[in-house]
Structures are given as C-alpha cells and as structure tokens.
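K.L.:
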Amino acid sequence: MQRPAETTKPALGVGMVGYAFMGAAHSQGWRTVGRVFDLPLRPAMAAICGRDPDAVRAAAEKHGWAATETDWRALIARDDVQLVDICTPGDSHAEIAIAALEAGKHVLCEKPLANSVAEAEAMVEAARRARERGQIATVGFNYRRTPAIAHARRMVRDGRLGVLRHVRVSYLQDWLVDPESPLVWRLRREHAGSGALGDLGAHIVDLAQYLAGEPLVGVSALTETFVRERPLPAGTATTGLGGQAGGAARGPVTVDDAALFSGRLASGALASFEATRFAAGRKNALRIELNGERGSLAFDLERLNELHFHDHTEPATDAGFRRILVTEPEHPYLEAWWPAGHALGYEHTFVHQARDLVLAIDARTEPEPSFADGLQVQRVLAAVEESAEKNCVYTPVPA
Numbered sequence: 066m067q068r069p070a071e072t073t074k075p076a077l078g079v080g081m082v083g084y085a086f087m088g089a090a091h092s093q094g095w096r097t098v099g100r101v102f103d104l105p106l107r108p109a110m111a112a113i114c115g116r117d118p119d120a121v122r123a124a125a126e127k128h129g130w131a132a133t134e135t136d137w138r139a140l141i142a143r144d145d146v147q148l149v150d151i152c153t154p155g156d157s158h159a160e161i162a163i164a165a166l167e168a169g170k171h172v173l174c175e176k177p178l179a180n181s182v183a184e185a186e187a188m189v190e191a192a193r194r195a196r197e198r199g200q201i202a203t204v205g206f207n208y209r210r211t212p213a214i215a216h217a218r219r220m221v222r223d224g225r226l227g228v229l230r231h232v233r234v235s236y237l238q239d240w241l242v243d244p245e246s247p248l249v250w251r252l253r254r255e256h257a258g259s260g261a262l263g264d265l266g267a268h269i270v271d272l273a274q275y276l277a278g279e280p281l282v283g284v285s286a287l288t289e290t291f292v293r294e295r296p297l298p299a300g301t302a303t304t305g306l307g308g309q310a311g312g313a314a315r316g317p318v319t320v321d322d323a324a325l326f327s328g329r330l331a332s333g334a335l336a337s338f339e340a341t342r343f344a345a346g347r348k349n350a351l352r353i354e355l356n357g358e359r360g361s362l363a364f365d366l367e368r369l370n371e372l373h374f375h376d377h378t379e380p381a382t383d384a385g386f387r388r389i390l391v392t393e394p395e396h397p398y399l400e401a402w403w404p405a406g407h408a409l410g411y412e413h414t415f416v417h418q419a420r421d422l423v424l425a426i427d428a429r430t431e432p433e434p435s436f437a438d439g440l441q442v443q444r445v446l447a448a449v450e451e452s453a454e455k456n457c458v459y460t461p462v463p464a
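Residues 66 to 464 (this note's numbering) make up the sequence shown, in order.
(1) Assuming contact is defined by CB atoms lying nearer than 7 Å, are Leu-173 and Asp-136 in contact in what I supplied?
(2) Using only the alpha-carbon positions, how far apart do His-375 and Leu-272 sit?
(3) Is there contact between the segment 201-213 and the segment 416-428, where contact requires at least three CB pairs shorter than 8 Å?
(4) Quick check on the burial criterion: 16 or more other C-beta atoms within 10 angstroms. Buried or exposed for Pro-432?
(5) Going by alpha carbons, who is nearest to Gln-147 out of Met-81, Ala-323, Phe-86 and Gln-309?
(6) Need the endpoints of the alpha helix (DSSP H) that Ser-192 sits in, please.
(7) With a CB to CB cut of under 6 Å and the five nearest residues on each side skipped, what residues in its chain are close to Leu-306?
(8) Using the C-alpha atoms, what's the distance from Asp-119 back to Leu-330?
(9) The beta strand (DSSP E) spanning Pro-108 covers which residue range?
(10) Name, in chain order, the residues that DSSP records as bridge partners for Tyr-236.
(11) What first and last residue would you give for the beta strand (DSSP E) that runs through Leu-226?
(12) Short check: CB of Gln-441 to CB of Pro-280, under 7 Å?
(13) Buried or exposed for Asn-356, going by 16 or more other Cβ atoms inside 10 Å?
(14) Gln-274: buried (16+ other C-beta within 10 angstroms of its C-beta) or exposed?
(15) Pick helix, strand or coil for Phe-291, following the three-state DSSP scheme.
(16) Using the C-alpha atoms, what's the distance from Pro-317 back to Glu-297?
(17) What's the call for Val-458, buried or exposed, on a 16-neighbour Cβ count within 10 Å?
(18) Could you round the C-beta distance between His-216 and Leu-366 to whole angstroms and report it? I think they count as a contact, below 8 Å.
(19) Tell me the DSSP secondary structure of Val-221 in three-state form.
(20) With a threshold of 7 Å between beta carbons, is Arg-100 in contact with chain B?
(21) Using the C-alpha atoms, what's the distance from Ala-76 back to Ala-168?
(22) Measure the alpha-carbon distance for Val-228 versus Arg-219 and round it to whole angstroms.
(23) Is it true that the segment 248-268 meets the segment 333-342, where meeting means three or more beta-carbon pairs spaced less than 8 Å apart?
(24) Along the chain, where does the alpha helix (DSSP H) that runs through Ala-120 open and close?
(25) Can you tell which of Pro-108, Leu-104, Tyr-84 and Ser-92 has its C-alpha closest to the C-alpha of Cys-114?
This is how it looks when you write it as structure tokens:
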C-alpha cells in the first residue's frame, strides 16, 4: 500500500529491459528507494521486458513490476514509462539507449556503457541531443554509491592526501576457475565486448578515475585467456554469473580471462590494475588504495562499510592506518538509513543509484557518472586491448 504522501508526488514511470542478475539488483533499488529517501518524484515500476514471456512474467511477479513486455521497442513506446533502465548484455546497450533517448525518455544504462568506442561515442552524442531537451542519461557504475567510496572521494577532494602519487586497484573473482564452467554470454565477445576487462576492469577504471578526480592518459597492458574452449550452456541463466553445461558440445571462449595493466593519470600519478575471474578463493574482492604526499586511503569491497586512512602529517610515533567506520548519518547516503554502526550491503548501492538519478531528473542537473564518463572508461578499455595486442606497448588514451 502506498503511503498517503507518496500518492501526491508526480510519478516517474520506470521501464526495465533485462531481468537476470543486474535486473534483480536494479529492481531492488527501484522497489526500495522511495521507502527510504524522501524524493521529489515517486518511482513507479511500470514494466519489465525480456524475450521469454514466462520468465519475464515470473521476474515481474517476483520483483514487483506492474506489467511485462517481450519487445524493448514496445516498452519504450509505453506512455507510463519515462525512464528506461537497461540491464542487458553490452551488445544491445547502444541500440536500446539511443532509441530510448530519441523517444524522449531518460536512460540508465548498466556498465560498461557499450562494447566499442564507436558505440559509446554514438550514445554520448544521443545523450547530448537529449540533454538539450531536458533528458538525463547515466551509466550504472554502482560502486561509486558505496558510502565509503563516496566519503573517500570527499577526503581526496578536500586535500587529505595532498598531491596524488599512486593508485593501485584489483578486482578478483573465481567463478571461471573450473574449465568445465559453461560458455555463458559473458565469455563471448559478440555479446560482452571483452571479458574480465569489461566486466571487472570497467569498474576499477571508473573508481580509480573517480577517486583521483582525473583521467587515465595512457596504459601498458597484458591480457590472457586461460581456458579457450568450454561446454555450451543449458538454457539461459537468470541468476548469478554462470550456469549449467548443456552436454558434450563445446565452443570457443572469445574474450580475455584476465587483464593486468599499468597506467598514468593526467597529473603524472601512476596506477596499476588487475582484473581476473581466475583468482581461486576470491569471490568479489575489489580493493583500491591511493597514496599521496599527505596520506593514504584504502578500501576493500568485502568490508564495504570501512575505509583505512593514514595521515602522514602526524608524528611518526603516533601515525599509522586507522579504520574509519562509514556508518554515521553525516556520511554520504546514511542520513536515511539505520542508527550509527549498523552496516549496509551491496544491494544498497543500487538504492543510492536510483536516488541520485531521481534527484538529477527532478533538478535537471548533469548526472554522475554521465555517458561521457562511460565513454572515457570505454576508451581506456580499448587502449588496454590495443596495448595487449602489441605486447604491452604504452598506448595513449584519446582525450
């Protein structure tokens, strides 16, 4: 039942394309955001779209969507949809996003923005034209919405680290260690664009640039595919990352399994990155550390309510890394949640993502991250692939 105050607010009809892992996560965000934050608009889960009628109906019932569609064009055409949320594989991002923007809709598109720089550039141009009409287009780098990451950005912006020297980031998972794990869409270049590089590397490139407040200008990279052939999957996985093998038939893996690269930021600071889905025992281990002239900051996604900060201006007798528990109401996003000390989790980043987008739509302000930010990440990923093809040759990232 809607709260009385909610019924007086203008509705923002949301239509979502895709209903698997990211679809479930985004649904959680839309279902929850208006119950936690006092928003100027009321998000309404108008319709969800997927190609399998039975599966999409089940997803709608499970996640709280009012209607279903089996053609994304029909979803975009609905009068009760003002915002299109794209949770599909990367090969369809550009087509759906551009069509939605041209139809006058706001757009939230999952990361990475596209499968190529050319697609991302076309999306940015469509977003620029739509912005002139008052539409908002943003890309879903949800880890920016972790309160500890948002607080770390404040600390860097406020000069707590001084001049930045180093950024080091790793994102380690293990769900592909088994060579008999099936050939899901994430392992096919025509659908995913790239492998661990686009799936995990996009997140850590965005986080490095976001926290540093400056872009990467060049990279040197190595990539590798460890298992080059896998069994074909049985059906379509609707939850998690993998699936079940379908029998004896096999197919080629056409993306990277791991990417390792160094980079230079615009200021001259150095950065290092590792992204792999072959780190046995690591489930979702994203770690980032920044070192500056005045101190250091470190974050671990598996302890996502914490930062570790070293203030190098303190006397050596007392200095050292200290834990900051990011659960105070003064920390980003936390004014609406629980009493101090009560932790949040992964799913809350999607609630915060929905909040920020609704506020941007209402205020008609430029969203963060924008499609232009997504394009910058895409250019870094392309430079990584180019460098790896040339056996680690330093490759500039186009401005």
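Using N, Cα and C, we set each Cβ at its ideal position, and we do this for glycine too. Since the structure is predicted, the reported quantities are computational estimates derived from the model, not experimental observations.
P.N.:
Reading off the structure:
(1) no
(2) 20 Å
(3) yes
(4) buried
(5) Met-81
(6) In the sequence as displayed, the identity of residue 192 is Ala instead of Ser. Note, Ala-192: alpha helix (DSSP H), 182-197.
(7) Trp-240
(8) Leu-330 and Asp-119 have their C-alpha atoms some 48 Å from each other.
(9) 107-114
(10) Ala-340 and Leu-351
(11) Run containing Leu-226: none; DSSP gives neither H nor E here.
(12) yes
(13) In the assembly as shown, Asn-356 is a buried residue. Its beta-carbon has 16 or more other beta-carbons within 10 Å.
(14) buried
(15) coil
(16) Checking the displayed sequence, the identity of residue 297 turns out to be Leu instead of Glu. Going by the C-alpha atoms only, they are around 9 Å apart.
(17) exposed
(18) Contact doesn't hold; Cβ gap of about 14 Å is too wide.
(19) helix
(20) The structure shown has no chain B; it contains just one protein chain.
(21) Those two C-alpha atoms are separated by around 18 Å.
(22) 15 Å
(23) yes
(24) Per DSSP, the continuous alpha helix (DSSP H) segment holding Ala-120 begins and ends at 118-128.
(25) Tyr-84
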